[in-house]
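Peer 1: All residue numbers for the sequence shown refer to my numbering, where the first residue is -6 and numbers rise by one. Dropping a structure here in structure tokens format, bear with me for questions.
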Amino acid sequence: MKLMNERPHSDPEAARRKLIELAKGVEAVQDGRIHIEKNNAPFLSKNGCNSSGPEFGAGIKHAVDQGWLELHESARAGLT
């Protein structure tokens, strides 16, 4: 018996896939960079993915670890 519904982005791999999907739909501002808030808003929004901050953080970390995203010191993410 499950007491809680599983969250679709509780797995860092699933969160990474969703974040990359969202990032591909965002127009880059310069040098392939996107503003991180263009990803976190739809990921966290109740009208979007309705995911949590820890899920967002785990997804970003996993994407960076896998080389799919690179974080810039300005807090902008870039697709690699």
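The beta-carbon is built from N, C-alpha and C at its ideal position, and this holds for glycine as well. Computed from a predicted structure; not experimentally measured.
Mind checking whether H55 and A8 have CB atoms under 8 angstroms apart?
Peer 2: yes
Peer 1: What residue range is occupied by the uninterrupted alpha helix (DSSP H) comprising I27?
Peer 2: Taken as a continuous stretch (DSSP letters only), I27 belongs to no alpha helix (DSSP H), being part of the beta strand (DSSP E) at 26 to 28.
Peer 1: Among residues of its own chain, excluding the 5 on either side of N33, which ones have a beta-carbon nearer than 6 angstroms to its beta-carbon?
Peer 2: F49
Peer 1: Once DSSP output is grouped into helix, strand and coil, what is the label at E63?
Peer 2: strand
Peer 1: Is the separation between the beta-carbon of V19 and that of I13 shorter than 8 angstroms?
Peer 2: no
Peer 1: Does the separation of the CB atoms of L15 and P35 fall below 8 angstroms?
Peer 2: The answer is yes: Cβ separation under 8 angstroms.
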